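Report on one structure; see the data block that follows.
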Amino acid sequence: MRPRLVLLALSVGLAGGSTGAIAGAGLPGSALVAAVTATAAYLASLYALAPLRDVAAALRRIAAGDFAARVSGEGPSELAALHESLNRMASSLGSSMATAAQERSRFAAVLNSSVDAILAVDSESRVRFANAAAERLFDQVEGELVGKPFVWVLANQEIVNALQACQREGGSEERLVELAGRQYFQAIASPIAGGGDWSAVLVFHDLTEVQRAEHTRRDFVANVSHELRTPLASIKAVLETLQAGAGADPAIARDFTARAEAEVDRIVQLVEELLELSRVESGVPLAMAPVALAEVIGRAVDRLRPQAKALGVELVVNAEPLPPVSGDATRLERVVLNLVDNALKFTPAGGRVEVRAGAAAAVAWVEVRDTGPGIDPRDLPRVFERFFKADYSRQAAGSGLGLALVKHTIEAHGGAVSAESSPGRGSTFRFTLPPALRSGPAG
5 MRPRLVLLAL SVGLAGGSTG AIAGAGLPGS ALVAAVTATA AYLASLYALA
55 PLRDVAAALR RIAAGDFAAR VSGEGPSELA ALHESLNRMA SSLGSSMATA
105 AQERSRFAAV LNSSVDAILA VDSESRVRFA NAAAERLFDQ VEGELVGKPF
155 VWVLANQEIV NALQACQREG GSEERLVELA GRQYFQAIAS PIAGGGDWSA
205 VLVFHDLTEV QRAEHTRRDF VANVSHELRT PLASIKAVLE TLQAGAGADP
255 AIARDFTARA EAEVDRIVQL VEELLELSRV ESGVPLAMAP VALAEVIGRA
305 VDRLRPQAKA LGVELVVNAE PLPPVSGDAT RLERVVLNLV DNALKFTPAG
355 GRVEVRAGAA AAVAWVEVRD TGPGIDPRDL PRVFERFFKA DYSRQAAGSG
405 LGLALVKHTI EAHGGAVSAE SSPGRGSTFR FTLPPALRSG PAG
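Note that this note's numbering numbers the sequence shown so that position 162 is 166, with each residue one more than the last.
Dropping the structure here:
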């Protein structure tokens, strides 16, 4: 009889208290005693191993991430101690993992809230982490950058060289790069010590506005120099001509003196406009009060009627009843003067300049329309920039500051400016102003 069958027969016999079953096994006395002993040991082992199977099952659940797994504390003292230790370990692991997950979430939240684009790469320069700013910068959806080679993300040789040098030499590398859309970034590559599969981190700090401000400053200095050079050169030429003997002729002297005076007036106007623009941009408080905008328009147009007549341009006003606006009457009059003067300069003889005004939902609006040559669509977005002059207006007198002053003055009043034009169909400049904030006499 096979051993397992013998053990089974003995087990059945013992369980049923039947000696007949044992005798039926055909075993001698000594063998019988041995079989009974083995059966008892087997059954005892099964009983003893049952709690260990519970421990093994709990360990498998913990390994799978179920830190709520527990085992019963029942059984012999040694097993009870083992169960207690296992339960404490599961509780501690669960707490540690929860803390780590919370810290990881906080860390990711901090990185994602950064305005700088941040990328972490491994030793093979594959992206292992990208924050939200990086995904926006490189126009990728969430999670799409991870796993990609860095050169797939940004094929810029300067930054690739900086990253390789950082990983090779163990020091930080910085580069100033220009990306698509004239965006300027300071790229910093730094090694990561003890970062696991994170070998280096790349940070892209946006310097676009800083670079634009620097370009604006350089352009400003160059344009002021240019605008001053021309009248100063004319004045110098006039003086040299007069000193050479032309001053002996009264008619020539008067003509040259008038030219010099006109150039001096041009310099004075430039300086005044620069000072006014500086005051507006620096936030110098405006003399705000309720203003009757129709009266402001009337005064400005009346001052320019002689100029319009001399140029042979029709100047008309069509204004609806206007609510009082809150503003500085002197500066608003200068806004209208600049817009109408600009329209007159570029409207040929026989043309027409119309000043229209009205209100919608208590917001006042003013338009200045002309029948001049119009503005190229490529130049239209820049007409309110300092010193900007479209190609067609290069020969026209003026500093190029008038429209910039209009823009900043209106925005300082809480309003908005816009321009519409097309070549050969004239131009329309428009501004809006909010209603007066308080009641009182308007002027």
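Glycine included, C-beta positions come from ideal geometry on N, C-alpha and C. Predicted, not measured: the structure shown is a model, and the values here were computed from it.
Round the Cβ separation of residue i and residue j to the nearest angstrom and send it over; I've been treating them as touching at under 8 angstroms.
i	j	result
Val329	Leu437	4 angstroms
Glu178	Ala191	7 angstroms
Arg74	Ala94	7 angstroms
Ala323	Ala298	5 angstroms
Leu409	Asn342	6 angstroms
Phe435	Gly418	Between Gly418 and Phe435 the Cβ distance is about 11 angstroms, and since that is not below 8 angstroms, they are no contact.
Could you confirm whether any beta carbon from chain B is found closer than 8 angstroms to the beta carbon of residue i?
i	result
Gly419	This model lacks chain B altogether, as it is built from one protein chain only.
Is residue i near residue j, with beta carbons less than 8 angstroms apart?
i	j	result
Ala250	Ala257	yes
Asp120	Val214	no
Val344	Leu308	yes
Gly355	Met292	no
Leu167	Ser129	yes
Leu274	Glu231	yes
Val370	Val340	yes
Ala181	Val150	Residue 181 is actually Val in this sequence, not Ala. Contact: no.
Arg360	Thr413	no
Asn346	Leu407	yes
His219	Phe189	no
With distances taken Cα to Cα, identify the nearest neighbour of residue i among the options.
i	options	result
Ile196	Glu213, Cys170, Asp210, Ala60	Cys170
Arg263	Arg92, Ala298, Lys240, Ala85	Lys240
Thr375	Asp259, Val367, Ala353	Ala353
Ala366	Glu285, Leu326, Thr334, Asn342	Leu326
Pro385	Ala416, Val421, Gly362, Trp369	Val421
Ala423	His417, Arg382, Ala440, Ala416	Arg382
Glu318	Arg373, Ala72, Leu236	Arg373
Leu90	Leu348, Ala363, Arg65	Arg65
Ser286	Glu415, Val359, Val181	Glu415
Ala296	Pro439, Gly147, Glu107	Pro439
Gly175	Ala333, Ala364, Phe435, Ser194	Ser194
Arg221	Glu107, Glu389, Leu348	Glu389
Lys349	Gly98, Leu211, Ser431, Ala67	Ser431
Ser99	Asp70, Ile163, Phe260, Asn165	Asp70
Phe3	Leu141, Glu148, Asp143	Because the chain here runs from 5 to 447, residue 3 falls outside it and cannot be looked at.
Phe142	Leu236, Pro235, Gln187	Gln187
| Complete alpha helix (DSSP H) runs within the segment 107 to 152 (minimum length 4 residues, chain order) | Note on the segment 107 to 152: whole alpha helix (DSSP H) runs with a minimum of 4 residues are 136 to 141, in chain order.
| request: Could I get the ranges of all uninterrupted beta strand (DSSP E) runs contained in the segment 148 to 190, with 3 residues as the minimum, in chain order? | output: Within the segment 148 to 190, the complete beta strand (DSSP E) segments of 3 residues or longer fall at 177 to 183, listed in chain order.
| task | Decide if the segment 263 to 271 is in contact with the segment 302 to 312; the criterion is three or more beta carbon pairs, one per stretch, under 8 angstroms apart. | result | Contact check between the segment 263 to 271 and the segment 302 to 312: fewer than three CB pairs, one atom from each, fall below 8 angstroms, which does not count as touching.
| task | At 4 residues or longer, and completely inside the segment 251 to 312: list those alpha helix (DSSP H) runs for me, N to C. | result | Restricting attention to alpha helix (DSSP H) runs no shorter than 4 residues, the segment 251 to 312 encloses them at 254 to 285, ordered along the chain.
| request: Determine, using beta-carbon pairs with one atom in the segment 123 to 136 and one in the segment 148 to 155, whether at least three such pairs fall under 8 angstroms. | output: Yes, since at least three Cβ pairs between the segment 123 to 136 and the segment 148 to 155 fall closer than 8 angstroms, the two stretches touch.
| said: Tell me whether the segment 310 to 327 and the segment 272 to 282 touch, counting them as touching only if at least three CB pairs, one residue from each stretch, are closer than 8 angstroms. | reply: No, they do not touch.
| request: Say whether the segment 129 to 139 touches the segment 226 to 241, bearing in mind that this needs 3 or more beta-carbon pairs closer than 8 angstroms, one atom from each stretch. | output: The segment 129 to 139, when compared against the segment 226 to 241, does not touch it at the 8 angstroms Cβ threshold.
| request: Check whether the segment 375 to 387 touches the segment 410 to 430, counting contact only when three or more Cβ pairs, one atom from each stretch, lie closer than 8 angstroms. | output: Judged by Cβ distances under 8 angstroms, the segment 375 to 387 makes contact with the segment 410 to 430, as three or more pairs qualify.
| request: Enumerate, from N- to C-terminal direction, the unbroken alpha helix (DSSP H) stretches of 4 or more residues contained entirely within the segment 189 to 251. | output: The qualifying runs are 212 to 247.
| Whole runs of the beta strand (DSSP E) within the segment 352 to 424, excluding any shorter than 3 residues | Whole beta strand (DSSP E) segments, 3+ residues: 356 to 364, 367 to 374.
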